[in-house]
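Residue numbering for the sequence shown follows my numbering, beginning at 258 and increasing consecutively. All C-beta atoms in this analysis are idealised placements derived from N, C-alpha and C, irrespective of residue type, glycine included.
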Amino acid sequence: FYQKQRGVYRNIPPGPRPWPVVGNFGGLLLPPFIRRRFGQTSDPNTGVMEALTAQAKVYGNIYSLFVGSQLLVVLNGYEAVKDALSNHPEVFSDRPDVPAISILTKRKGIVFAPYGPVWRKQRRFCHATLRNFGLGRLSLEPCIQQGVASLNAELLRLNAERGATGVDPSQLISNAVSNVICSLILGRRFHHEDPEFRTILDLMSRGLEICVNSPAVLINVFPAFYYLPFGVFRELRQVERDMTVFLKRIIADHSESLDPDNPRDLTDMYLMETLAQQAAGEEGSSFTEDYLFYIIGDLFIAGTDTTTNSVLWVLLYMVLYPDTQEQVQAEIDRVVGRRRLPSLTDRGSLPFTEATIMEVQRLTAVVPLSIPHMASETTEFRGYTIPKGTVIMPNLYSVHRDPSVWDDPGAFKPARFLDHEGKLLRREFFIPFGVGRRVCMGEQLAKMELFLTVTGLLQAFSFRLPDGKPAPSLQGRFGLTLAPCPFAVCVSARTQEGVS
Ligand code: HEM
Numbered sequence: 258f259y260q261k262q263r264g265v266y267r268n269i270p271p272g273p274r275p276w277p278v279v280g281n282f283g284g285l286l287l288p289p290f291i292r293r294r295f296g297q298t299s300d301p302n303t304g305v306m307e308a309l310t311a312q313a314k315v316y317g318n319i320y321s322l323f324v325g326s327q328l329l330v331v332l333n334g335y336e337a338v339k340d341a342l343s344n345h346p347e348v349f350s351d352r353p354d355v356p357a358i359s360i361l362t363k364r365k366g367i368v369f370a371p372y373g374p375v376w377r378k379q380r381r382f383c384h385a386t387l388r389n390f391g392l393g394r395l396s397l398e399p400c401i402q403q404g405v406a407s408l409n410a411e412l413l414r415l416n417a418e419r420g421a422t423g424v425d426p427s428q429l430i431s432n433a434v435s436n437v438i439c440s441l442i443l444g445r446r447f448h449h450e451d452p453e454f455r456t457i458l459d460l461m462s463r464g465l466e467i468c469v470n471s472p473a474v475l476i477n478v479f480p481a482f483y484y485l486p487f488g489v490f491r492e493l494r495q496v497e498r499d500m501t502v503f504l505k506r507i508i509a510d511h512s513e514s515l516d517p518d519n520p521r522d523l524t525d526m527y528l529m530e531t532l533a534q535q536a537a538g539e540e541g542s543s544f545t546e547d548y549l550f551y552i553i554g555d556l557f558i559a560g561t562d563t564t565t566n567s568v569l570w571v572l573l574y575m576v577l578y579p580d581t582q583e584q585v586q587a588e589i590d591r592v593v594g595r596r597r598l599p600s601l602t603d604r605g606s607l608p609f610t611e612a613t614i615m616e617v618q619r620l621t622a623v624v625p626l627s628i629p630h631m632a633s634e635t636t637e638f639r640g641y642t643i644p645k646g647t648v649i650m651p652n653l654y655s656v657h658r659d660p661s662v663w664d665d666p667g668a669f670k671p672a673r674f675l676d677h678e679g680k681l682l683r684r685e686f687f688i689p690f691g692v693g694r695r696v697c698m699g700e701q702l703a704k705m706e707l708f709l710t711v712t713g714l715l716q717a718f719s720f721r722l723p724d725g726k727p728a729p730s731l732q733g734r735f736g737l738t739l740a741p742c743p744f745a746v747c748v749s750a751r752t753q754e755g756v757s
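So this is what it looks like as structure tokens:
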């Protein structure tokens with residue numbers, strides 16, 4: 258097959274020889290015991306990124322792979338990623354049509370929408386609206402702080418209950434982060450045991466689990482499998498139906514109680530824009546309740562796992578690097594004290610804390626392979642031909658480990674983000690949110706959440722591993738995002754006075 262395609266693929270970037278039919282990812286589809294039998298012993302999780310990064314040493318920073326018959330070009334290192342996404346945005350900002358995702362999203366919303374005028378208008382509106390939640394009357398800061406206060410109380414309670422075995426913080430942090438998205442979209446926070454809240458979180462995590470970690474991935478090869486009347490295929494359709502009922506009800510409730518003088522959240526603002534465009538007689542406007550449905554889904558998916566895992570990684574590094582934890586706490590004590598919760602106005606005065614968060618984000622790259630892009634036309638790029646329809650995979654993990662731009666890239670050194678006076682340095686090679694036109698739309702919100710949650714936790718507690726427990730691995734689990742493997746922490750309260 259690849260031989261036959263030689264004409265089209267004559268000058269594509271070099272790469273390893275694909276397996277017949279399945280391409281280069283054939284090995285990954287085999288069960289682990291068979292892979293081990295053939296000597297593939299690397300960690301199946303972060304092993305993927307390490308393997309992809311290692312291939313660049315053999316084939317160069319731009320190389321080709323095949324998934325089945327689909328050509329995929331992996332971009333490694335800062336220069337290649339930045340050159341493609343920032344200097345050639347018109348060609349490399351599209352998204353591929355991945356069958357499982359397209360069936361679920363109908364290619365609407367923002368994350369998987371094709372590059373073009375509809376995506377541009379929707380993104381511009383949502384991005385501008387998100388900025389309103391950073392500042393002003395609708396600021397999410399109090400909501401995040403409230404979440405941190407509940408998180409701290411719950412952590413303390415569970416820590417007392419569990420004693421020496423420690424607490425797995427993942428669910429608590431996921432609750433706090435999900436509540437921020439609920440405030441953004443639903444205009445309200447939930448108690449973590451609220452049945453409605455649990456329904457949203459369960460539907461999302463089940464849906465993601467099925468899409469990423471089950472035979473449902475076969476839908477990408479055989480789209481008709483989506484309709485199979487059994488197993489995970491049927492379950493996926495059920496999750497989709499439940500999610501649809503849930504989101505449609507949210508939109509209908511908002512629509513009924515909308516007060517244009519008092520928008521409560523992003524959903525209200527979107528509905529107002531929809532009405533405004535209708536009133537202005539905009540023919541064929543993409544602002545519709547139907548489109549809003551997909552935007553809400555996108556924000557839930559894009560804004561929860563990413564931020565939750567980023568906070569979890571910071572906690573894990575803090576227990577593994579107690580000296581850094583103490584330095585961060587000393588800075589928080591000096592600038593904020595222990596009587597009030599840290600706020601966004603403290604950000605500029607906590608450079609070591611910011612540097613620590615950034616260093617963890619650099620090493621962990623929570624969205625290590627970004628979200629796939631696609632070449633929208635055949636183009637010449639750095640001496641190679643990239644055919645129209647090629648999937649482009651920006652390897653952000655490799656950018657953050659690129660030895661040509663980072664000194665000792667594998668080491669944890671927050672000070673690399675500080676100048677000799679201890680002021681924060683902006684490093685252009687630090688791109689956990691991607692670069693170019695598709696750069697993360699929630700970057701500002703995510704940074705706000707990370708800062709307020711991490712400082713709120715470290716102000717209140719010292720974290721350590723339960724006695725006698727081996728240090729958790731820093732390898733992580735790679736699904737849609739890179740999550741740390743489950744770990745437990747023991748906490749001791751630092752705050753005597755009640756922080757409010
Ligand atoms: C896209 C990272 C949090 C919304 C992305 C991309 C990355 C990323 C790498 C892909 C960029 C590309 O395609 O080139 C992260 C990280 C986060 C985070 C590391 C947390 C630490 C959030 C939050 C939201 C959000 C909180 C929204 C509430 C989006 C959206 C896109 C996106 C809508 C798609 C943009 C587009 O296709 O135009 N993010 N993200 N993200 N992110 Fe985030």
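Assumed close pair residue i, residue j - CB separation to whole angstroms, cut-off 8 angstroms
| i | j | result |
| --- | --- | --- |
| Leu577 | Ala728 | 6 angstroms |
| Leu722 | Val746 | 7 angstroms |
| Phe744 | Leu573 | 6 angstroms |
| Ser435 | Leu458 | 6 angstroms |
| Leu607 | Val592 | 6 angstroms |
| Ile643 | Cys383 | Their Cβ separation, rounded to whole angstroms, is 29 angstroms, which puts Ile643 and Cys383 out of contact at 8 angstroms. |
| Pro472 | Val489 | 6 angstroms |
| Ser431 | Thr561 | 7 angstroms |
Cα-Cα separation between residue i and residue j, rounded to whole angstroms
| i | j | result |
| --- | --- | --- |
| Phe369 | Asn409 | 36 angstroms |
| Cys770 | Phe447 | Outside the shown range of the chain, which is 258 to 757, sits residue 770, and nothing can be said about it. |
| Asn302 | Val437 | Residue placement at Asn302 is poorly supported in this model, since its pLDDT is 48, which falls under 50; the coordinates still yield a value, given next. When rounded, the distance between both Cα atoms is 29 angstroms. |
| Pro579 | Ala750 | 15 angstroms |
| Asp300 | Ala311 | Low confidence applies to Asp300: its pLDDT is 49, below 50, so where it sits in the model is not reliable enough to give any reading. |
| Leu415 | Phe718 | 13 angstroms |
| Ile589 | Val568 | 17 angstroms |
| Ser633 | Ser326 | 18 angstroms |
| Thr362 | Asp547 | 11 angstroms |
| Thr298 | Glu307 | Note that Thr298 scores a pLDDT of 45, beneath 50, so its modelled location is shaky; the value from the coordinates is reported in the next line. C-alpha separation (whole angstroms): 13 angstroms. |
| Ile367 | Glu637 | 27 angstroms |
| Leu504 | Asp555 | 12 angstroms |
| Asn389 | Pro520 | 11 angstroms |
| Ala433 | Pro275 | 44 angstroms |
| Gly373 | Asp354 | 14 angstroms |
| Ser686 | Arg673 | The amino acid at residue 686 is misidentified as Ser; the sequence shows Phe. Approximately 12 angstroms, taken between the alpha carbons. |
| Gly733 | Pro625 | 11 angstroms |
| Gly541 | Ala559 | 27 angstroms |
Residues sharing a beta bridge with residue i, DSSP
| i | result |
| --- | --- |
| Trp276 | Gly280 |
| Asn333 | Asn652 |
| Tyr320 | Val331 |
| Glu497 | Looking at the DSSP assignment, Glu497 forms no beta bridge with any residue, so it has no partner. |
| Tyr641 | Phe638 |
| Thr630 | The question names Thr, but residue 630 is His in the sequence shown. Partner(s): Ile649. |
| Leu549 | Note: Leu549 sits in no beta bridge, so no partner. |
| Leu572 | Paired residue(s): none; Leu572 is not in a bridge. |
| Leu675 | Leu681 |
Test item: CB-CB of residue i and residue j under 8 angstroms
| i | j | result |
| --- | --- | --- |
| Leu342 | Pro666 | no |
| Val656 | Ile688 | yes |
| Arg364 | Pro629 | no |
| Tyr320 | Gly272 | yes |
| Asp340 | Arg639 | yes |
| Thr531 | Thr738 | no |
| Leu397 | Leu702 | yes |
| Asn443 | Met698 | Position check: residue 443 holds Leu in this sequence, whereas Asn was assumed. In this structure, Met698 does not lie closer than 8 angstroms to Leu443 by Cβ. |
| Gln582 | Leu675 | no |
| Pro270 | Val330 | yes |
| Leu322 | Asn268 | no |
| Pro486 | Ile360 | no |
| Gln584 | Phe609 | yes |
| Arg694 | Ser350 | yes |
| Asp510 | Leu441 | no |
| Pro599 | Leu709 | yes |
| Ala622 | Leu653 | yes |
| Ile476 | Pro671 | no |
| Ser627 | Gly725 | no |
| Val424 | Gly713 | no |
- request: Would you list, in sequence order, the uninterrupted beta strand (DSSP E) runs of no fewer than 3 residues that lie entirely inside the region 685-752?
  value: Note on the region 685-752: whole beta strand (DSSP E) runs with a minimum of 3 residues are 718-721 and 747-750, in chain order.
field: alpha helix (DSSP H) segments (min. 4 residues) lying fully within the region 499-541
entry: Annotation: the region 499-541 contains the following complete segments of the alpha helix (DSSP H) (minimum length 4 residues), in chain order: 523-536.
- request: Output the residue ranges of the alpha helix (DSSP H) runs that lie fully inside the region 589-628 and measure 4 residues or longer, sorted by chain position.
  value: Listed in chain order, the complete alpha helix (DSSP H) runs (minimum 4 residues) inside the region 589-628 are 608-621.
message: Which runs of the beta strand (DSSP E) at least 3 residues long sit entirely within the region 322-383? Give them in chain order.
response: For the region 322-383, whole beta strand (DSSP E) runs of length 3 or above, ordered along the chain, are 327-333.
message: Could you tell me which whole alpha helix (DSSP H) segments of length 4 or greater appear in the region 402-450?
response: Scanning the region 402-450 for uninterrupted alpha helix (DSSP H) segments of 4 residues or longer gives 427-443, listed from N- to C-terminal end.
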